[in-house]
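Chemist: Please find one structure pasted underneath; my questions will follow.
Number of protein chains: 2
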Amino acid sequence: MPNVLREDLRLPLCALRAGAVDRNIARFQRFTESSGVLLCPHAKTTMAPALFGRQLAAGCWGLTFATCAQLEVARRHGVPRVFYANQLLGAADVGYVCGELRRDPGFDFYCLVDSVSGVRLLAQRVAQADPGRPVNVLIEGGLAGGRCGVRDVGTAIEVAQAVRAADPQLALAGVEGFEGLAQYRDAGRREADVRAFLGFLARIAEAVDDRGLFGPGEVLLSAGGSAFYDLVIEELSAVRLGRPHRVVLRSGCYLTQDHGIYAGLLGDIHRRTGSAEPDLEPALEVWAQVLSVPEPGLVILSAGRRDFGQEAGNPVALAHVRRGTAEPRPLREAGWTMAAASDQHAHMTAPPGHGVAVGDLVALGPSHPCTTFDKWREIHLVDDDYNVIGTAATCF
Amino acid sequence: MPNVLREDLRLPLCALRAGAVDRNIARFQRFTESSGVLLCPHAKTTMAPALFGRQLAAGCWGLTFATCAQLEVARRHGVPRVFYANQLLGAADVGYVCGELRRDPGFDFYCLVDSVSGVRLLAQRVAQADPGRPVNVLIEGGLAGGRCGVRDVGTAIEVAQAVRAADPQLALAGVEGFEGLAQYRDAGRREADVRAFLGFLARIAEAVDDRGLFGPGEVLLSAGGSAFYDLVIEELSAVRLGRPHRVVLRSGCYLTQDHGIYAGLLGDIHRRTGSAEPDLEPALEVWAQVLSVPEPGLVILSAGRRDFGQEAGNPVALAHVRRGTAEPRPLREAGWTMAAASDQHAHMTAPPGHGVAVGDLVALGPSHPCTTFDKWREIHLVDDDYNVIGTAATCF
Numbered sequence: 001m002p003n004v005l006r007e008d009l010r011l012p013l014c015a016l017r018a019g020a021v022d023r024n025i026a027r028f029q030r031f032t033e034s035s036g037v038l039l040c041p042h043a044k045t046t047m048a049p050a051l052f053g054r055q056l057a058a059g060c061w062g063l064t065f066a067t068c069a070q071l072e073v074a075r076r077h078g079v080p081r082v083f084y085a086n087q088l089l090g091a092a093d094v095g096y097v098c099g100e101l102r103r104d105p106g107f108d109f110y111c112l113v114d115s116v117s118g119v120r121l122l123a124q125r126v127a128q129a130d131p132g133r134p135v136n137v138l139i140e141g142g143l144a145g146g147r148c149g150v151r152d153v154g155t156a157i158e159v160a161q162a163v164r165a166a167d168p169q170l171a172l173a174g175v176e177g178f179e180g181l182a183q184y185r186d187a188g189r190r191e192a193d194v195r196a197f198l199g200f201l202a203r204i205a206e207a208v209d210d211r212g213l214f215g216p217g218e219v220l221l222s223a224g225g226s227a228f229y230d231l232v233i234e235e236l237s238a239v240r241l242g243r244p245h246r247v248v249l250r251s252g253c254y255l256t257q258d259h260g261i262y263a264g265l266l267g268d269i270h271r272r273t274g275s276a277e278p279d280l281e282p283a284l285e286v287w288a289q290v291l292s293v294p295e296p297g298l299v300i301l302s303a304g305r306r307d308f309g310q311e312a313g314n315p316v317a318l319a320h321v322r323r324g325t326a327e328p329r330p331l332r333e334a335g336w337t338m339a340a341a342s343d344q345h346a347h348m349t350a351p352p353g354h355g356v357a358v359g360d361l362v363a364l365g366p367s368h369p370c371t372t373f374d375k376w377r378e379i380h381l382v383d384d385d386y387n388v389i390g391t392a393a394t395c396f
Numbered sequence: 397m398p399n400v401l402r403e404d405l406r407l408p409l410c411a412l413r414a415g416a417v418d419r420n421i422a423r424f425q426r427f428t429e430s431s432g433v434l435l436c437p438h439a440k441t442t443m444a445p446a447l448f449g450r451q452l453a454a455g456c457w458g459l460t461f462a463t464c465a466q467l468e469v470a471r472r473h474g475v476p477r478v479f480y481a482n483q484l485l486g487a488a489d490v491g492y493v494c495g496e497l498r499r500d501p502g503f504d505f506y507c508l509v510d511s512v513s514g515v516r517l518l519a520q521r522v523a524q525a526d527p528g529r530p531v532n533v534l535i536e537g538g539l540a541g542g543r544c545g546v547r548d549v550g551t552a553i554e555v556a557q558a559v560r561a562a563d564p565q566l567a568l569a570g571v572e573g574f575e576g577l578a579q580y581r582d583a584g585r586r587e588a589d590v591r592a593f594l595g596f597l598a599r600i601a602e603a604v605d606d607r608g609l610f611g612p613g614e615v616l617l618s619a620g621g622s623a624f625y626d627l628v629i630e631e632l633s634a635v636r637l638g639r640p641h642r643v644v645l646r647s648g649c650y651l652t653q654d655h656g657i658y659a660g661l662l663g664d665i666h667r668r669t670g671s672a673e674p675d676l677e678p679a680l681e682v683w684a685q686v687l688s689v690p691e692p693g694l695v696i697l698s699a700g701r702r703d704f705g706q707e708a709g710n711p712v713a714l715a716h717v718r719r720g721t722a723e724p725r726p727l728r729e730a731g732w733t734m735a736a737a738s739d740q741h742a743h744m745t746a747p748p749g750h751g752v753a754v755g756d757l758v759a760l761g762p763s764h765p766c767t768t769f770d771k772w773r774e775i776h777l778v779d780d781d782y783n784v785i786g787t788a789a790t791c792f
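Right, here's the structure in full:
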């Protein structure tokens with residue numbers, strides 16, 4: 001079996017600790033089931049069909065995607081239920097979705113609407129493409145200053161009425177929002193902001209329910225990135241409508257966790273809930289070679305911004321393997337930092353006596369898995385000794 | 397023929413204006429020929445074999461790459477001469493290169509060394525892999541506080557002596573440096589810093605030449621990103637050695653230019669040289685749909701940080717196409733800015749009366765092409781009317 005630490009593979013490379021991934025998937029599935037919510041993980045994180053398969057096998061309700069190109073990958077790999085957490089508007093995009101709905105009666109699809117004009121455009125394009133059944137939509141509520149989504153209940157009602165008027169092209173299945181944007185706000189305000197936003201989604205749902213504007217079936221209330229899912233579960237489960245509803249949680253980063261932003265946010269969740277659940281382990285690593293130690297305390301690695309994301313903070317140095325030893329030595333507490341990154345190099349500052357030489361290996365732990373996954377076409381699945389036990393292709 | 401403006405394709409998409417690309421390739425090739433230097437463009441910019449083919453057909457000397465995975469793509473597509481602008485150290489990576497050298501007598505390969513220990517490791521691995529002929533190396537000189545590369549002439553001589561001691565595994569072909577890191581320095585110091593660095597490379601070459609440590613054939617002196625190639629041509633062409641030398645320029649971004657950092661740097665080049673040559677046009681665009689106008693002055697587009705690079709500045713809004721008209725209206729001077737980007741969305745602030753509605757299209761012009769190319773597996777080649785006349789696959 002090829003081994004990362006023995007340099008059997010091209011460098012740099014992206015490794016996923018398979019044991020940690022399997023434990024994360026099982027634990028998060030159990031956590032959502034015991035919380036009484038449906039799990040529909042955002043699969044744009046990995047775009048790796050082999051990992052979709054593990055999530056579906058563990059029992060998740062469906063998978064979430066954000067673009068039509070992503071959706072097409074999912075459908076090619078047989079994903080039966082898709083939450084399209086975005087507005088669906090493009091002519092070619094609507095055409096593709098309607099074709100899939102017509103072709104496969106088992107395909108269950110949901111997308112978002114947030115404006116009367118968007119509803120009318122979607123309905124018109126659905127009518128042209130003729131899927132043979134309604135397209136399910138949820139009203140998106142948005143944070144002020146944030147992204148898509150209605151900003152007030154009055155607009156939400158107008159949008160719901162537009163959906164009703166677009167019957168039988170569209171059917172209103174629920175209400176959705178993405179509270180995760182609040183993670184960029186001041187730490188002291190975050191929890192209150194998220195609760196207020198979830199309360200806004202609840203008020204939309206109640207107003208639409210009062211007016212009888214939801215379509216047939218259970219109402220879906222959906223939110224949940226990976227920063228505040230405890231609050232989503234608490235607030236949206238507490239909503240009372242005139243008919244049954246289900247909470248759909250879309251968190252995606254639990255699969256790999258991370259060594260940065262989501263590590264900290266998981267700590268916040270544990271503190272808020274007073275529980276150690278869910279217990280998630282960081283699983284994603286980028287391995288690079290020491291190319292040069294051109295100045296004391298400056299170590300140049302063979303991985304750069306084309307190999308890891310930086311927008312949620314630079315990766316941290318995890319481990320050092322002296323060439324030929326295959327013995328990782330932890331670096332987390334060793335005082336290394338990434339001073340800069342070029343396209344293909346990381347510029348690391350290391351403390352005196354760092355003991356690292358040209359040809360050694362260093363593992364980096366990224367913050368925010370999404371923008372590291374999308375740098376790779378192949379992710380190596382490794383066991384605890386860094387033997388490569390499989391490879392997951394990504395389809396970005 | 398599918399047309400971008402008529403929404404015949406999935407959105408978002410990446411478009412390359414084919415006419416501008418062809419003109420850029422021809423003009424830059426002419427510019428380097430008339431300057432008397434060899435062009436070996438850094439092809440990691442695009443990683444699109446169809447574009448490699450256009451550059452080679454125009455007459456470039458070779459192509460430059462930075463990782464062994466990139467090199468393998470080049471070799472699969474028949475690129476005969478590769479400048480590997482990086483240290484080559486990994487066991488699997490050295491094995492691959494040596495296998496190619498053995499398999500194909502027409503394969504001409506050059507890589508970098510910057511330390512005695514790196515030279516010894518490379519030589520040992522070359523000896524094991526037995527390519528049947530020496531691996532050509534150039535000594536890399538580096539900027540203080542920068543990336544790889546020796547920091548003083550004394551070390552360069554030691555490295556050159558180590559290469560000589562590694563005969564017949566290695567042959568010393570020249571001296572290399574990347575002056576482009578100086579673009580991040582204070583504007584007032586840049587030109588002087590770059591000239592000083594190029595002078596340092598020249599001193600290395602002279603010292604190595606004086607000691608008779610270069611291998612057989614013409615000496616290669618190579619530098620050149622896309623920020624200061626005028627200075628590279630001037631300074632390195634003026635070097636006088638005891639034997640003939642050629643200057644190898646590795647600029648890669650000329651192929652697409654950009655709408656940000658390199659647009660500004662090209663202006664600097666024109667000012668320094670007092671010439672309008674080379675005349676390059678921005679060719680790379682990301683087209684997205686208006687998904688939502690949730691607040692006055694806030695426009696949410698369907699492309700985000702997974703669709704364009706941001707590390708050299710956010711993309712600018714280039715054009716607006718009202719849905720159904722296929723008529724682009726320029727936005728460059730219209731006061732739009734990108735306030736933020738999520739993975740799959742751009743958050744644009746637009747002035748009052750922006751006249752943009754849900755379902756319209758907006759074109760974005762990235763800064764730094766490299767980190768936009770690597771977001772896409774397919775780049776659409778378009779004519780001046782945005783008809784899709786071809787598709788270039790990327791192989792990142």
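Chains as they are written, first to last, in the working numbering: chain A, 1 to 396; chain B, 397 to 792. Beta carbons are placed, not taken as given, at the ideal position from N, Cα and C, and that holds for glycine. All values derive from a computational prediction rather than experimental measurement.
Measure from the alpha carbon of B/Ala567 to the alpha carbon of each residue in B/Tyr506, B/Ser618 and B/Thr652, then state which is nearest.
Modeler: Residue numbering aside, residue 567 of chain B sits at position 171 when the second sequence is read from its first letter. When each option's Cα is compared against that of B/Ala567, the closest is B/Tyr506.
Chemist: Using only alpha-carbon positions, find the residue among B/Phe624, B/Thr428, B/Thr745 and B/Glu468 that is nearest to B/Asn710.
Modeler: As a first step, residue 710 of chain B must be located in the second sequence, where it is residue number 314. When the alpha-carbon of B/Asn710 is set against those of B/Phe624, B/Thr428, B/Thr745 and B/Glu468, the nearest one is in B/Thr745.
Chemist: Could you give the uninterrupted runs of the beta strand (DSSP E) lying entirely in the region 32 to 70 of chain A, keeping only those of 3 residues or more?
Modeler: Qualifying beta strand (DSSP E) stretches, in chain order: 63 to 65.
Chemist: From the DSSP output, in three-state form, read off A/Glu191 for me.
Modeler: Working through the first sequence from its first residue, we reach residue 191 of chain A at position 191. Reduced to three states, the DSSP call for A/Glu191 is helix.
Chemist: Is the separation between the beta-carbon of A/Asp114 and that of A/Gly146 shorter than 9 Å?
Modeler: Counted from its first residue, the first sequence places residue 114 of chain A at position 114. Counted from its first residue, the first sequence places residue 146 of chain A at position 146. In this structure, A/Gly146 does not lie closer than 9 Å to A/Asp114 by Cβ.
Chemist: Could you check what DSSP says for A/Tyr84 in three-state terms: helix, strand or coil?
Modeler: Reading the first sequence from its first residue, position 84 is the one you call residue 84 of chain A. In the structure shown, A/Tyr84 adopts extended strand secondary structure according to DSSP, grouped into three states.
Chemist: If you pair each beta-carbon of the region 607 to 615 of chain B with each one of the region 624 to 644 of chain B, do three or more pairs fall below 8 Å?
Modeler: yes
Chemist: Go ahead and label B/Arg472 buried or exposed: buried means 16 or more other beta carbons lie within 10 angstroms of its beta carbon, across all protein chains shown.
Modeler: The residue you call residue 472 of chain B lines up with position 76 of the second sequence. Per the 10 Å Cβ criterion, exposed.
Chemist: Quick test of the definition: if touching needs 3 or more C-beta pairs under 8 Å, does the region 220 to 239 of chain A touch the region 262 to 278 of chain A?
Modeler: yes
Chemist: Quick check on B/Thr721: does DSSP put it in helix, strand or coil?
Modeler: The sequence position of residue 721 of chain B within the second sequence is 325, counting from 1. The DSSP-derived three-state label of B/Thr721 is coil.
Chemist: Where does B/Asp504 fall in DSSP's three states?
Modeler: For the purposes of this step, residue 504 of chain B is identified with residue 108 of the second sequence, where counting begins at 1. Correct three-state label for B/Asp504: strand.
Chemist: Determine, using beta carbons only, whether A/Ala165 comes closer than 9 Å to chain B.
Modeler: Position 165 of the first sequence holds residue 165 of chain A. It does not; no Cβ of chain B falls within 9 Å.
Chemist: Candidates A/Ala69, A/Leu11, A/Met1 and A/Cys40: which alpha carbon is nearest A/Leu255's?
Modeler: The count along the first sequence starts at 1 and reaches residue 255 of chain A at position 255. Comparing Cα-Cα distances from A/Leu255 to each of A/Ala69, A/Leu11, A/Met1 and A/Cys40, the minimum goes to A/Cys40.
Chemist: What does the alpha-carbon distance come out to for the pair A/Val208 and A/Ala156?
Modeler: Locating residue 208 of chain A in the first sequence gives position 208, counting from the first residue. Locating residue 156 of chain A in the first sequence gives position 156, counting from the first residue. Taking the straight line joining both Cα atoms gives about 8 Å.
Chemist: Along the chain, where does the alpha helix (DSSP H) that runs through B/Ala552 open and close?
Modeler: On the second sequence, residue 552 of chain B is found 156 positions in, with the first residue counted as 1. First-last of the alpha helix (DSSP H) with B/Ala552: Val549 to Ala561.
Chemist: Could you give the first and the last residue of the continuous beta strand (DSSP E) run that contains A/Leu301?
Modeler: Taking the first sequence and counting its residues from 1, the one referred to as residue 301 of chain A is at position 301. Annotation for A/Leu301: the continuous beta strand (DSSP E) segment containing it runs Leu298 to Leu301.
Chemist: Just list the residues that DSSP pairs B/Ala732 with in beta bridges.
Modeler: Here residue 732 of chain B refers to the residue found at position 336 of the second sequence. According to the sequence shown, residue 732 of chain B is Trp rather than Ala. In DSSP, B/Trp732 forms no bridge with anything.
Chemist: Is it true that the CB of B/Leu484 sits closer than 9 Å to the CB of B/Leu508?
Modeler: Numbered from its first residue, the second sequence carries residue 508 of chain B at position 112. Numbered from its first residue, the second sequence carries residue 484 of chain B at position 88. For B/Leu508 and B/Leu484, yes; Cβs fall inside 9 Å.
Chemist: Within 10 angstroms of the Cβ of A/Thr337, are there 16 or more other Cβ atoms? Answer buried if so, exposed if not.
Modeler: Position 337 of the first sequence, counted from the first residue, corresponds to residue 337 of chain A. That one is exposed.
Chemist: Counting Cβ pairs closer than 8 Å, one from the region 724 to 741 of chain B and one from the region 377 to 386 of chain A, do we hit at least three?
Modeler: no
Chemist: Taking B/Ile553 as the query, report the chain A residues whose CB atoms sit under 7 Å from its CB, ordered along the chain.
Modeler: For this step, residue 553 of chain B is matched to residue 157 along the second sequence. In chain order: nothing, as chain A lies at least about 16 Å away.
Chemist: To the nearest angstrom, how far is the alpha carbon of A/Ala58 from that of A/Val194?
Modeler: Residue 58 of chain A sits at position 58 when you count from the first residue of the first sequence. Residue 194 of chain A sits at position 194 when you count from the first residue of the first sequence. A direct Cα-to-Cα measurement between A/Ala58 and A/Val194 gives close to 29 Å.
Chemist: Ordered along the chain, which non-local residues of its own chain (more than five positions away) have a Cβ less than 8 Å from that of A/Val82?
Modeler: For the purposes of this step, residue 82 of chain A is identified with residue 82 of the first sequence, where counting begins at 1. Closer than 8 Å at Cβ, skipping near neighbours: Gly62, Leu63, Thr64, Phe65, Leu71, Ala74, Arg75, Phe107, Asp108, Phe109 and Tyr110.
Chemist: To the nearest angstrom, report how far apart B/Gly432 and B/Gly663 are at their CA atoms.
Modeler: For the purposes of this step, residue 432 of chain B is taken as residue 36 along the second sequence, with counting starting at 1. For the purposes of this step, residue 663 of chain B is taken as residue 267 along the second sequence, with counting starting at 1. For B/Gly432 and B/Gly663, the distance between alpha carbons rounds to 22 Å.
Chemist: Let's see if you can read the secondary structure: which residues bound the alpha helix (DSSP H) around B/Cys649?
Modeler: Residue numbering aside, residue 649 of chain B sits at position 253 when the second sequence is read from its first letter. B/Cys649 -> no alpha helix (DSSP H), and no H or E assigned at all.
Chemist: Could you please tell me which residues of the region 303 to 321 of chain A, in chain order, have their CB closer than 7 Å to any CB of chain B?
Modeler: Arg305, Arg306 and Glu311
Chemist: B/Arg570 to A/Val299, Cα distance in whole Å?
Modeler: Position 174 of the second sequence, counting from 1, holds the residue named residue 570 of chain B. Position 299 of the first sequence, counting from 1, holds the residue named residue 299 of chain A. Here residue 570 of chain B is Gly; the residue named in the question, Arg, does not match the sequence. Each residue's alpha carbon lies about 24 Å from the other.
Chemist: Which first and last residues belong to the beta strand (DSSP E) in which B/Thr790 is found?
Modeler: Counting from 1 along the second sequence, the entry for residue 790 of chain B is found at position 394. No beta strand (DSSP E) holds B/Thr790; DSSP gives it neither H nor E.
Chemist: Just to confirm my understanding: we take B/Ala794, look at its own chain, exclude 5 residues before and 5 after, and list those with CB closer than 6 Å. What are they?
Modeler: Given a span of 397 to 792 for chain B in the structure shown, any question on residue 794 of chain B remains unanswerable.
Chemist: Please look up how many angstroms separate the CB atoms of A/Leu280 and A/Phe28, rounded, as I've assumed it's under 8 Å.
Modeler: Within the first sequence, the letter at position 280 stands for residue 280 of chain A. Within the first sequence, the letter at position 28 stands for residue 28 of chain A. With 8 Å as the limit, A/Leu280 and A/Phe28 qualify as a contact, their Cβ atoms being about 7 Å apart.
Chemist: What's the call for A/Gly335, buried or exposed, on a 16-neighbour Cβ count within 10 Å?
Modeler: Taking the first sequence and counting its residues from 1, one reaches residue 335 of chain A at position 335. Under this definition A/Gly335 is an exposed residue.
Chemist: Note down the Cα distance separating A/Cys253 from B/Val549, rounded to an integer number of angstroms.
Modeler: One-based indexing of the first sequence puts residue 253 of chain A at position 253. One-based indexing of the second sequence puts residue 549 of chain B at position 153. The straight-line gap separating the alpha-carbon atoms of A/Cys253 and B/Val549 is approximately 49 Å.
Chemist: Tell me the DSSP secondary structure of B/Val635 in three-state form.
Modeler: On the second sequence, residue 635 of chain B is found 239 positions in, with the first residue counted as 1. It is coil, neither helix nor strand.
Chemist: When you compare each of A/Val79, A/Trp376, A/Glu311 and A/Ala326 to A/Tyr184 by their alpha carbons, which one comes out closest?
Modeler: Working through the first sequence from its first residue, we reach residue 184 of chain A at position 184. The shortest C-alpha separation from A/Tyr184 is found at A/Glu311.
Chemist: Candidates B/Asp626, B/Leu597 and B/Leu760: which alpha carbon is nearest B/Val615's?
Modeler: Numbered from its first residue, the second sequence carries residue 615 of chain B at position 219. Ranking the options by Cα distance to B/Val615, first place goes to B/Leu597.
Chemist: Beta carbon of A/Val290, beta carbon of A/Leu361: below 9 Å?
Modeler: Start at 1 with the first residue of the first sequence, and residue 290 of chain A comes out as number 290. Start at 1 with the first residue of the first sequence, and residue 361 of chain A comes out as number 361. Going by C-beta atoms, A/Val290 is nearer than 9 Å to A/Leu361.
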